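Student: Read top to bottom, the protein sequences are chains A and B. Positions 1 to 390 (the numbering used here) are the ones given, in order, by the first sequence. Positions 1001 to 1560 (the numbering used here) are the ones given, in order, by the second sequence. No residue lacks a Cβ here, since even glycine has one placed at the ideal position from N, Cα and C. On a predicted model such as this, the values are computed, not experimentally measured, just so you know. Have a look at this one before I ask anything.
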Amino acid sequence: MRLYVDVSYESLNKYNEELCGDTVEVIRNGNSVTVVLADGLGSGVKANILSTLTSKIIGTMLVNGASIDEAVETIANTLPVCKEREIAYSTFSILQVFNSGECYLVEFDNPSVIYLEGGKVKYLESISREINGKHVKESRLQLSEDDTFVLISDGVVHAGIGSTLNLGWQWENVAEYVERTWKKDLSAKKIAKLLVSVCDNLYAQKPGDDATVAAVKIRSPLKVNIMVGPPVDRNQDNYVVSRFLSQEGMKVVCGGTTSKIVSRETGREIVTSFNYFNPAVPPIAEIDGIDLTTEGVLTLGKTLDYVRRCLSTESTIHDLLHLKDRDGASKLANILLEDGTSVNFFVGRAMNPAHQNPDMPLNLGLKLKLVEELAAYLKSIGKEVSIEYF
Amino acid sequence: MIPIKTYFGTCLGDFMVIRTITLKLYKPSRRKREIIDDALLRYSMAYQYMLDKAFEQIEEIREKYKEPYGIYSSFKLSKWMDSTLSEELNEFGVQPFKDSLKIDLGMSLAGHLNLKRIRENTSFPLVYLPDDRYDSSYDALMDEIISEGLNDNLKRHKCEKELLRLERKSASLSPIFFCRCATNRDYCLLYDVINKKYYAKLYLMNRSDDRKKALNPSENMLLRYIHKDGGMLKPSDRKERYIIVPLSFGKWQEQYLKTALVDPSIIKTARLIKKKDEYYLAVNIDIEEEKAVETETYLGLSRDLKALACYTIVDSGGQVLETNKFTNLEVNKFAKMKCISSGAFPADVLHSIANEIVALSANNKSQVVVQSMIDKSDRLVWRDEQGRVFKPLLDCRRYNDLVKILEYKLPSRGLPPPIKVSPVGIFYKCPACELQAKKNRISKDMFICTACGQVMEIGHLGSLNLAKKPIQYSKDVLKVNVESTPIGVRLINKELGLDFKPSEDINWFDDFKKEIVDIIENFNANMPGVKDDSKSFKMKYSIIKRLESGKDLSEMIRLS
């Protein structure tokens, strides 16, 4: 079975630094997903340059078939030398997951990667060898669904030193916490956000070091199909609904008219749900066989707000937690960001009579724009997105 | 000599704040000491005599004096001492104290009977134990121990307690209660206008007492009564039943005496006490209630594993304004010596914490929120992987003692008494995302939320959660159940009498709000003339008042 590699990372800049000295590079190609976490020597601009170069060089070379030996040698010869310390230095962790489920892990001087199998921390067997004067650890393993990797920089294990925790948040504590919080439906984004949030709190919002977490979770792919708006040609209603319903995965219907079409074509009743009320979001409904039925443009607009908020650099774990709210927009945003690995939009382009009112700032163009913006955000986080217009 | 304050009344508005100041009788002469000792002995014997009599009829008293709600009033019970019993007391020569004895007896019986309602095995009051009675009681207890043994801990504890009680009572006399401040009986305070000194005038002798003598204050003294009737103590050749004793005290007590010079009506009852061969007069003073403070913030006060207590002050939005711990080196030393658990806890420490809390509350206009440690645990105790158990420095009893102190100290500064809330989950609930889970507490001292990563030290977490509880309660005003019935979905709240069937219309919520408004208006229209004391009426009344006080009805409704 083909697996989906869910990757997300979050960084915390050292207090009063504008740039982070840690860099994460995620490279997806048809054959593999490569994640590189590099931690440059020192902090600020200098560290950022070191780590960016390291992650870019290693990522690109490995993806293009170079060996780790070649990549490390290239780094050693390429990185600018620090004038103060007279060394060129950047620690790194590399995780390469192939479509076959094989995994290759390389670590150099970073805290060990935390690996969980079935939600339990498992210590990886690794081989140590010297490449160009650097002691590098290599591990290879075969992955299965729900396997989780957490790559961390040393700022994570130093969190809270001398203030909230005497010895910092030691590796064992971090691993124990990851195990404690692990759930089958916990996304890579949540893992990364959660750990960075803990670090920020341990540092009392004044980080003494750059801290970065890159989470990788292996999961089975889940396709999400969203039908938005009625087709221009009413004669196509049956075709579009049949095609939409024949898809694998989750099914979401957005729009009052659209849900009536689905109800009419399938002969299934629409039941308005009163299980939750949020004055800012129209109520949801239930149609048998449909995972979520919502109102159209208002809900999509709110969903886009939530997605935008969750993916912004200022977002916090609380933004992600709000996706568990029970209004239609939160539910849809949660499906798009957390549940689905690929998204198919079935967009009908018929004009909604309600939107013809000149006092109503909504029009067809807005609906299409909302869908396109949503699609762009989802693509930016590695999800496969397709849009079909009718 | 720590001043003690007591409150009388049923609600804040009715409180009479009583502060007790203790004044030392300064070097009484041998004659006066003999008179006081004799009076204390006679009072104690008479008091115990009445208690013994009451014990014989306790079941009858229990039935006869029970109030409608099953409680006992000291005022009513004091009437049990009829004229016959009063006559019998003459045998002890306690004619000057009969009214006081009556009140003392009423208070003892009421205390005992009210306590017995909660704890059936409550001992009957014992105020004085003469030697012969001590010997017989001691022998009886020893016989019981020998015959039945001390195999179980409960029995051993009970015997130890009884032995201690016998020891205590045999070695002490009951204080004499003066039920009124008067110039011609009981007691009164005097002020020497020339020398600026204070005296106590104590009526301790019978008319027939041979030790009576004429009292003529020296020419260098001018004694004025500290009494609402005023006047000076006039010299006379008559043999008087009272003694006059100079008083010594500290600056704290002096400020109240000076106030009494201006307003003598503040002086109320008193007790004459003997402690370690010294004599004291504990005088009750009615102090004025401070102006009520309108609170703007909340102060949570929780127990802690490292400190005696921890507090956090939050504003009305739940934002932390201040947080800290009460650490006391003296007490920490005690904790290390494990004296706290053996009962050697210094009581004044609780008063000093309470004073700090009152000062903080006054400065921040805070409503104090405390743990209700009666039937639910806060689960602060921690057992680590090695099996070591870490307990809070303040056990439940001492925390409750602290709360009791706050209950009278806060109102004396015009602040409301503390709100008691359930302690369940206060050390396990995230103040940011509200997830309550056991696994949120990762160690003895550290909390890391497993949902949002919030990090807090345990003591601060507990006090913060306490402080935020009233805010949380005020937000969740109306919980409406969504129920699926054969005739469709219904929105129900039984307390409010709400049963609403929503329409399919997108604006159904407006209709729903109108339905609630109609219920409120209907309730208010029928309010005049309603005399309903039932729990359901009170509940409905409370919900409606909270809904009325809110700004937005939509924000106050939770569908579930």
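On the criterion of 16 or more Cβ atoms from any shown chain inside 10 Å, does A/Glu107 qualify as buried, or is it exposed?
Tutor: buried
Student: Determine, using beta carbons only, whether B/Gly1462 comes closer than 8 Å to chain A.
Tutor: no
Student: Taking CB distances under 8 Å as the criterion, tell me whether B/Ile1176 reaches chain A.
Tutor: no
Student: Closest to B/Asn1363 by CA distance: which of B/Leu1402, B/Leu1223 and B/Leu1410 is it?
Tutor: B/Leu1410
Student: What does the Cβ neighbour count give for B/Lys1468, buried or exposed, with the cut at 16 atoms within 10 Å?
Tutor: buried
Student: Going by DSSP in three states, A/Thr181 sits in which element: helix, strand or coil?
Tutor: helix
Student: Looking at the strands, I want to know which residues DSSP matches up with B/Met1446.
Tutor: B/Glu1457
Student: How long is the line joining the alpha carbons of B/Lys1325 and B/Arg1303, rounded to whole angstroms?
Tutor: 10 Å
Student: I think A/Asp26 touches A/Val35, with their Cβ atoms under 8 Å apart; what is that distance to the nearest whole Å?
Tutor: In the sequence as displayed, the identity of residue 26 of chain A is Val instead of Asp. Confirmed, about 5 Å.
Student: Here's a check: name, in chain order, each residue in its chain whose Cβ is nearer than 8 Å to the Cβ of A/Ala76, leaving out the five neighbours to either side.
Tutor: Contacts found: Ala88, Asn132, Gly133 and Lys134.
Student: Judging by CA-CA distance, which residue of A/Ser242, A/Ile261, A/Ser197 and A/Leu320 is the nearest neighbour of B/Gln1454?
Tutor: A/Ser197
Student: How would you list, in chain order, the residues of chain B whose beta-carbon sits under 7 Å from the beta-carbon of A/Asn201?
Tutor: Here the neighbours are Gly1453, Gln1454 and Val1455.
Student: Counting only beta-carbon separations shorter than 8 Å, does A/Met360 have a partner in chain B?
Tutor: At A/Met360 the pLDDT is 49, less than 50, meaning the model places this residue with poor confidence and gives no usable figure here.
Student: So which of B/Val1424, B/Gly1231 and B/Thr1323 has the shortest CA-CA distance to B/Met1373?
Tutor: B/Val1424
Student: Name, please, each residue of chain B whose Cβ falls closer than 7 Å to the Cβ of A/Tyr306.
Tutor: Those do not exist, as A/Tyr306 stays about 17 Å from chain B at its closest Cβ, beyond 7 Å.
Student: List the residues of chain A whose Cβ lies closer than 9 Å to the Cβ of B/Cys1433, in chain order.
Tutor: Against B/Cys1433, the close residues of chain A are Ile317, His318 and Leu321, in the order they occur along the chain (beta-carbon pairs closer than 9 Å).
Student: When the cut-off is 8 Å and only beta carbons count, does A/Ser11 lie next to chain B?
Tutor: No Cβ of chain B is located within less than 8 Å of the beta carbon of A/Ser11.
Student: Tell me the DSSP secondary structure of B/Lys1420 in three-state form.
Tutor: strand
Student: Please compile the residues from chain B whose C-beta is within a distance smaller than 9 Å of the C-beta of A/Arg2.
Tutor: Chain B residues near A/Arg2: none, gap ~31 Å exceeds 9 Å.
Student: Closer than 9 Å by beta-carbon distance: list the chain B residues that pair up with A/Arg309, in chain order.
Tutor: Near A/Arg309 there are no residues of chain B at all, since even the closest Cβ is about 15 Å away, more than 9 Å.
Student: Under 8 Å, do A/Ile114 and A/Ala175 count as touching if we go by C-beta distance?
Tutor: Between A/Ile114 and A/Ala175, the C-beta spacing is below 8 Å.
Student: Let's test the definition: count the other Cβ atoms within 10 Å of the Cβ of A/Lys251 and tell me whether it reaches 16, buried, or not, exposed.
Tutor: Counting every other CB atom within 10 Å of its CB across the protein chains shown gives A/Lys251 a total of 16 or more, marking it as buried.
Student: Which runs of the alpha helix (DSSP H) at least 4 residues long sit entirely within the region 1357-1417 of chain B? Give them in chain order.
Tutor: 1396-1412
Student: Beta carbons nearer than 8 Å to chain B: which residues of the region 175-188 of chain A have them?
Tutor: Of all residues in the region 175-188 of chain A, Glu176, Tyr177, Arg180 and Thr181 have a Cβ within less than 8 Å of some Cβ in chain B.
Student: Would the beta-carbon of B/Lys1540 fall within 8 Å of that of B/Leu1496?
Tutor: Taking 8 Å as the Cβ cut-off, B/Lys1540 and B/Leu1496 qualify as a contacting pair.
Student: Mapping DSSP to helix, strand and coil, what is B/Tyr1134?
Tutor: helix
Student: Around the C-beta of A/Trp169, are 16 or more other C-beta atoms found within 10 angstroms, so that it is buried, or is it exposed?
Tutor: buried
Student: CA-CA distance, B/Ser1342 and A/Ser8?
Tutor: Unreliable placement is indicated for B/Ser1342, whose pLDDT of 49 sits below 50; the coordinate value is still reported in the next sentence. Roughly 56 Å separates the two Cα atoms.
Student: Quick check on this structure: which residue in B/Asp1263, B/Tyr1298 and B/Ala1307 has the alpha carbon closest to the alpha carbon of B/Arg1419?
Tutor: The residue you asked about is not Arg; residue 1419 of chain B is Ile in the sequence shown. If we check each option's Cα against that of B/Ile1419, B/Tyr1298 comes out closest.
Student: B/Leu1025 and B/Tyr1191 - do their beta-carbons sit closer together than 8 Å?
Tutor: no
Student: Determine the closest residue to B/Thr1269 out of B/Leu1166, B/Lys1169, B/Tyr1187 and B/Lys1513, with distance taken between C-alpha atoms.
Tutor: B/Tyr1187
Student: Using the beta-carbon count (16 or more within 10 Å), is B/Glu1294 buried or exposed?
Tutor: exposed
Student: Using only CA atoms, which one of B/Ser1074, B/Gly1111 and B/Asn1121 lies nearest to B/Ile1103?
Tutor: When B/Ser1074, B/Gly1111 and B/Asn1121 are compared, the shortest CA-CA separation from B/Ile1103 is found for B/Ser1074.
Student: Just checking my contact of A/His322 with A/Ser330 at CB under 8 Å: how many whole Å lie between their CB atoms?
Tutor: 6 Å
Student: Going along chain B, which residues have a C-beta under 9 Å from A/Ser330?
Tutor: Chain B residues near A/Ser330: none, gap ~15 Å exceeds 9 Å.
Student: Per DSSP, what kind of secondary structure is B/Ala1054 in: helix, strand or coil?
Tutor: helix
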